[in-house]
Each structure stands twice: as structure tokens, then as C-alpha cells.
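Counting in numbering that gives the first Met the number 0, the sequence shown runs from 0 upward without gaps.
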Amino acid sequence: MIFDRLERLRARVERRRGGHPAPPPADAQRRRGEPPRPRPAGELRARADALAPWYQRVYLGSGVHTLEWAHAAHHESVWASLEPALPADLRGLSVLDVGANAGWFSLQAKRRGAGRVLGLEPDPRYLAQAELCREAWDAEVEYRALGAEDLGAVDETFDLVLATGLLYHLRHPLLALERIADLCRDAVVVETEVVPPRRRQRIRMRLGPPERLGIRSVDSGFMKFVEGDELNGDPSNWWVPDTECVQGMLRTAGFRHLSRPCYLEPTRLLLFASKAESSALDFDAFGRSSATSRG
Ligand SMILES: C[S@@+](CC[C@H](N)C(=O)[O-])C[C@H]1O[C@@H](n2cnc3c(N)ncnc32)[C@H](O)[C@@H]1O
């Protein structure tokens, strides 16, 4: 196999350079895209089906995916757009995955070499899925049954925080971003449903003290409240911000440097933000993928 030959060649080059020691076979196996000790396909299929329905398509080994789709899942498109901005090797970096679902992003981070990876997921059904996927990959990822409201219970900090598909599920999104900023040493990745730019309303803002009152018409920086299940028939959705609102909340939470916004679909925004100018994420590389970028 070409992968085996490449792996042997890579290990030989590294030995000659006196660099990192050759990785153990389990890591090599993971890099090839296969779990270190794949279980039989029938067993994996039965265990995955017992935990359905799945939101994330995760490869479990032996040709079995949690979801058997021919097309890319949304999280795969998110990762593909983000990838140019990620260091080739996440070694030495810790990652917090908030709203981890079945742990696809956590596993990707681990596969790319991240050190400590913690996934938070409040829904026990998704947590069980995450445990199955973690077990299938024999991955050193920890999952905790916590939501973004419980971030105060996490008493460690992380280089990168992933908040994908999360903001619109939160009753208090700004508060959650502030908590995320408390735990985040470097950067946060945000992917969220947004109000598309051309569907905006206008409101009139009163500016200044009463004796020098000015009125200005504004058409951005909004967040739509979702009272029932009107968004995707899902009652766990609360707010749909527009891009400027997400950017403003990130700055308010303490993330001073924002990437360009990328749109995976007209209503799906992906961007990242760091606290300091220098970041492990490559701001210049971001947005040069197939997703459209504005701004
Ligand atoms: C749309 S899925 C996104 C999953 C994953 N982050 C991704 O991008 O593929 C939303 C996830 O957030 C979880 N979630 C819902 N409310 C949450 C909350 N208050 N705090 C953290 N996660 C939450 C859901 O259970 C679900 O797993």
C-alpha cells in the first residue's frame, strides 16, 4: 500500500533528522484513516444502529459509517473550510469542543495530533454516540455531560475552542462566549446559523444623551429570537444572529482579532477569532477555500 510505504519513508526521514520518534503503529494506522483495532463490520453496524438517530457521520472502521450517505455531511464541509487555517500538526495544542455531538471534531483534532481534547455534550444520546466513536478509534478524548451553561465547571484552559453548530442552541449566547473566552488561551472557531445579509430589517437607534439626541437607522447587528420550533422544527434553537452580531459578541467577549467571515451556505457562517494577534490559526489562509467569503 502507498500509505505504508509513505509511513515507512516518513519514519526513516524523521529518525535521520533526529526529530520526533517514529509514532507507535496505532497512530500510523489512524493517519491512514483507519482505527487501530477495527471491530467486525456487523458488530459496528449493530452498535451504531442501536444509537440512531445520528447527526454526525463518523467512520467507525471496517467500512462502517454512523450515517451511510454519499454526500459530504455539513461538519465535513466545515472542517474542509477550516483546514487551511489549521496548523498541519496540532501537537502541543489543547482543544475544547463545546456541543461535541458524536465527537467528530474532537476526533479530527486528535487525529491531527492535538494533546488534551475535551468534548462537552449535554444530550445523553449524543454522549453515548461520542463514547462509541471514541472507543472505535481508541482515542484519548474525554467527554463530559455538560452544556455551554456549565462552562464554569471546567477548571482548565485550552488553546483552541470549537463552537460549531452551537450559538443558536443557546439561550444566552453572549454569556457563553464570555465563558468560552475565560477558558480559551488562543482562538475560538464559530460556525453558526445566521440571518442572511439581504433579509435585514432596519431599526432606529437613539444615540447620545437626551439633550444631544441623534437618531440613526441601522440595518445590522441583529439577532432573531426563535420562540418555538420554527428553525428546523427544533425547539432547542433560540437565537439566529446576523454576522455583525456574531462579530460584535466575539469582540465583546474579548476576542480582538477576527478572521474573514466565510459562508458555507447563505445562512451558515464560519469564522474564527483570537485574543492576541499571533495565533496558532492562520488568518491569511482562511477563506481561500471553496466557501464564499465576504468582508
Ligand atoms: C447542530 S449540532 C452541532 C454538533 C457539532 N458541534 C457540529 O458542528 O457538528 C448541536 C449540538 O450542540 C448540542 N447542544 C445543544 N444545546 C447545547 C448547549 N446548551 N450547550 C452545549 N451544547 C449544546 C446538541 O446536543 C448538539 O450535539
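Cβ coordinates follow ideal geometry from the N, Cα and C atoms, glycine included.
Within the same chain, Cβ atoms closer than 7 Å to the Cβ of T251 are found at L173, the five residues on either side in sequence being excluded.
Contact annotation: the segment 219-226 touches the segment 235-249, with at least three C-beta pairs closer than 8 Å. Secondary-structure assignment with DSSP links L119 through a beta bridge to V97 and R143. Rounded to whole angstroms, the Cβ separation of H171 and G98 is 14 Å, and the two are not in contact under 8 Å. Note that the segment 233-242 touches the segment 181-197; at least 3 beta-carbon pairs, one per stretch, sit closer than 8 Å.
Residues R205 and L206 of the same chain have their beta carbon placed closer than 8 Å to that of L212, with the five preceding and five following residues left out of the count. For the pair of segments examined, the segment 132-144 was found not to touch the segment 158-165: the number of CB pairs separated by less than 8 Å stays below three. As DSSP reads the structure, R215 sits in a beta bridge with M204. Within a 10 Å sphere around the beta-carbon of T65 sit 16 or more other beta-carbons, which makes this residue buried.
Taking every protein chain shown into account, the CB of E42 has fewer than 16 other CB atoms within 10 angstroms, so this residue is exposed. Of the candidates K274, P209 and Y54, K274 places its Cα closest to the Cα of C183. Counting along the chain, A27 sits inside the alpha helix (DSSP H) bounded by residues P24 to R30. Beyond the five residues adjoining it in sequence on each side, A84 comes within less than 8 Å, by CB distance, of S258, F271, L280, D281, F282, A284 and F285 in the same chain, given in chain order.
Note on geometry: alpha-carbon atoms of D88 and S277 lie some 17 Å from one another. When secondary structure is reduced to three states using DSSP, G151 falls in the helix class.
The residue from L95, Y54 and L268 with its alpha-carbon nearest to that of Y142 is L95. Rounded to the nearest whole angstrom, the CA to CA distance from A40 to E264 is 34 Å. G247 sits in a helix when the DSSP states are folded into three classes. For Q128 and N100, the gap between their C-alpha atoms comes out near 8 Å. The Cβ atoms of R133 and G102 sit closer than 8 Å to each other.
Burial check for Q107: the Cβ neighbour count within 10 Å reaches 16 or more, so the residue is buried. For A180, the enclosing alpha helix (DSSP H) covers residues P172 to L182.
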